[in-house]
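>
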Amino acid sequence: MNTSLAYYASVLSDLHETFVPHAGQIIVGKSIFYDGCSFVFVQCGRKWGKTELCKYSLYRYAMTFPGSSCYYFAPFLKQAKEIVWANKSLQHFLPADLRSKYGIEENNSDLRLSFANGSFIKVEGADNYEAVAGINPHFVVLDELKDIQDSFIEVMEPNLLAHSAPLLAVGSPPDNFDNLYCRLADECRKGAPKKAWYKMPSSKNPHISRDFLEDKHQALIARGEPEIWQREYLANIVVGGAKFIFPMMTETFIDTDENIKAVINEKPKHFNYYVCFDPGTTSCFGVLMIAINKYNKKVYAIGEIYEKDQSKTTGKEIYKRAQEIWRNYNISDSAWMKVYDYAAPWFETEVVMEFDDAIMPCVKDLRKKEEKLSSIKQVMLEGNFIISDKCPMLYWELTNYRKDDKGKIPKENDHLIDCLRYIFNADNYFTEEGEIPVYRTDKRGFPLTPQDVRGDDDLDPFEMITSEYYW
């Protein structure tokens, strides 16, 4: 064995006397140190051992690759200090004799560990992303990824190119999917070259008590918070939860504009057609077009306008754009019932003057808003709601619409949802009275889609469940 291999073996021997990775951590480490992956993403549950893996990987890289610049980032510098520095867990990852053997010195003011071989490990916060512009790392770890902003990645990515630095990103999933975490996870999950994605629930840590997990599971179910169990212990990205108004809304509700046109054009007289205008004077002008089958009550969202440029929100321009969209369906203009938010009478005036077209004020449901939202949820649960791929902003509003910390429904990012409510009122659309379930669940309280009823009661509650709500 040559000197370099002997040294490498010695380093590993010393590291593994201190810390022995469990099976899940070994799989991740192999991607970094043997497979040569440039980006390794670990979607993990609490107590899986992510921070210990981060520290082990940093030490292993610094010790086996002399002269390496290794960085540990948490979302905020204060948070990074609390996670690995203030408690001395990073500085004392190795015992005193090994710290002396490898000449490791700590600099508290700079949050830096320096090694005799010229390597260093530095602790930083991703919030101060401008300060790391231009650094040339050899290895980077991102901990608690769900709270790291896009701007940090934009600055950091060019830095990785100088030394083809591998990036290890770890953390439990966020409570929505419109964020950096989910975009990066999706990128790695789809098998891009030199990128690896792993989902590691808490139970994959052999050192964590199964009794603890079962107690936590039962406690969260009893509190009516199954989504927290799914997200924080099963490591599932949950597109819903206690705060979400439409937790059942997923991509399965989306169909192509071509397919929807074919359905409507086959029997156009079976549908009622609505276009609703929600003029926003300072934020957004929303317009939604809906076709509702009079016989099977299926609701099709077929077109939208979501204009935030205030120079383009005149009544004349918006109405003309709406006409161009609904005329793609070869339905006469007179067949469309046109409604608008009655709080904007100026819009009706402009339409009448410019187009000589009849347009009606909407019927609002201010005191029964949640009741109407429940009706919309019921339509979704029954499989009677279809969204055209031409309506991305309606889908975005529905999937991100949730209550605030006080349990109230905020008046924001709901322009097209309001249009949908007004159209339901105009159509006198209703569902049968009764309890409106937020989820269909199995006996343990795990959410299932209407299409996902397939004997899940036999599954191990600690295993990952494939459902339309999370992946």
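Mapping to my numbering: the sequence shown position 275 is 1326, numbers consecutive. All residues carry an ideal CB built from backbone N, CA and C; glycine is no exception.
1) Shortest alpha-carbon distance to Pro1209 belongs to which of Val1183, Asp1266, Lys1197, Lys1173?
2) Going by Cα to Cα distance, which pick from Asn1347, Tyr1180, Glu1433, Pro1412 is closest to Thr1303?
3) Mind checking whether Tyr1122 and Glu1175 have CB atoms under 8 Å apart?
4) To the nearest angstrom, how far is it from the Cα of Lys1454 to the Cα of His1214?
5) I'd like the list of long-range same chain contacts for Leu1449, defined as Cβ closer than 6 Å, with 5 residues on each side in sequence excluded.
6) To the nearest angstrom, report how far apart Leu1264 and Tyr1249 are at their CA atoms.
7) Determine, using beta-carbon pairs with one atom in the region 1083–1098 and one in the region 1231–1246, whether at least three such pairs fall under 8 Å.
8) Return the residue from the list His1321, Lys1320, Pro1252, Arg1111 that minimises the CA-CA distance to Ser1064.
9) With H, G and I counted as helix, E and B as strand and the rest as coil, what does DSSP make of Ile1172?
10) Which of the three DSSP states is assigned to Pro1319 in this structure?
11) What residue from Ser1082, Tyr1393, Phe1328, Ser1170 has the CA that sits closest to Pro1244's CA?
12) Rounded to whole angstroms, what's the CA-CA distance from Gln1374 to Phe1328? Just pull it up for me.
13) If you compare alpha carbons, which of Lys1139, Phe1144, Gly1331 is closest to Asn1159?
14) Who pairs with Val1402 in a beta bridge, going by DSSP?
15) Assess contact between the region 1395–1402 and the region 1309–1322, defined as three or more Cβ pairs (one per stretch) separated by less than 8 Å. Is contact present?
16) If we ignore side chains and look at the alpha-carbon of each, how far apart do Pro1217 and Lys1441 end up?
17) Would you check if the distance between the CB atom of Phe1166 and the CB atom of Met1114 is smaller than 8 Å?
18) Taking the C-alpha atoms as reference points, what is the distance between Tyr1058 and Glu1283?
19) Could you give the first and the last residue of the continuous alpha helix (DSSP H) run that contains Leu1468?
20) In whole angstroms, what separates the C-alpha of Val1338 from that of Ile1376?
21) Looking only at C-alpha atoms, which of Lys1389, Lys1129, Ala1394 sits nearest to Asp1407?
22) Taking all protein chains shown into account, decide if Asp1465 is buried (16 or more other Cβ within 10 angstroms of its Cβ) or exposed.
23) Does the Cβ of Pro1396 have 16 or more other Cβ atoms within 10 Å, making it buried, or fewer, making it exposed?
24) How is Arg1163 classed by DSSP in three states: helix, strand or coil?
25) Looking at the structure shown, is Pro1498 part of a helix, part of a strand, or coil, going by DSSP?
26) Determine, using beta carbons only, whether Val1289 and Asp1226 come nearer to each other than 8 Å.
27) Grab the span of the alpha helix (DSSP H) containing Trp1280 for me, first residue to last.
28) Given a threshold of 16 other Cβ atoms within 10 Å of its Cβ, counted over all protein chains shown, does Tyr1473 qualify as buried or as exposed?
29) Helix, strand or coil for Asn1158? Go by DSSP, reduced to three states.
30) On the DSSP bridge assignment, give the partners of Phe1304 in chain order.
31) Rounding to the nearest angstrom, what Cα-Cα distance links Met1411 and Tyr1391 in this structure?
32) Buried or exposed for Asp1161, going by 16 or more other Cβ atoms inside 10 Å?
33) Quick check: what's the CA-CA separation for Arg1097 versus Gln1200?
34) Buried or exposed: Val1071, going by 16 or more other Cβ atoms within 10 Å of its Cβ?
35) Have a look at Phe1190, Ser1202, Gly1242 and flag the residue whose alpha-carbon is nearest the alpha-carbon of Ala1220.
By the coordinates alone:
1) Val1183
2) Glu1433
3) Going by C-beta atoms, Tyr1122 is nearer than 8 Å to Glu1175.
4) Cα to Cα, the separation comes out at about 45 Å.
5) Correct list, in chain order: Phe1297, Met1300.
6) 21 Å
7) yes
8) Minimum Cα distance to Ser1064 is reached at Arg1111.
9) Residue state, collapsed to three classes: strand.
10) It is helical.
11) Ser1082
12) 12 Å
13) Lys1139
14) The partner list for Val1402 (beta bridge, DSSP) is empty, contrary to what the question assumes.
15) no
16) Taking the straight line from one Cα to the other gives about 38 Å.
17) Going by C-beta atoms, Phe1166 is nearer than 8 Å to Met1114.
18) 39 Å
19) Checking the displayed sequence, the identity of residue 1468 turns out to be Ile instead of Leu. Note, Ile1468: alpha helix (DSSP H), 1466–1478.
20) Answer to the nearest angstrom: the Cα atoms are 11 Å apart.
21) A check of alpha carbon separations from Asp1407 across Lys1389, Lys1129, Ala1394 identifies Lys1389 as the nearest.
22) The residue is buried, with at least 16 neighbouring Cβ atoms inside 10 Å.
23) Label assigned to Pro1396: exposed.
24) strand
25) With a pLDDT of only 39 at Pro1498, under the threshold of 50, the placement of this residue in the model should not be trusted, and no figure is reported.
26) yes
27) 1277–1283
28) Tyr1473 should be labelled buried.
29) strand
30) Beta-bridge pairing links Phe1304 to no other residue.
31) 6 Å
32) Looking at its Cβ environment, which holds fewer than 16 other Cβ atoms inside 10 Å, Asp1161 is exposed.
33) 21 Å
34) Exposed, by the Cβ-count rule.
35) Residue Phe1190 holds the alpha-carbon nearest to the alpha-carbon of Ala1220 among Phe1190, Ser1202, Gly1242.
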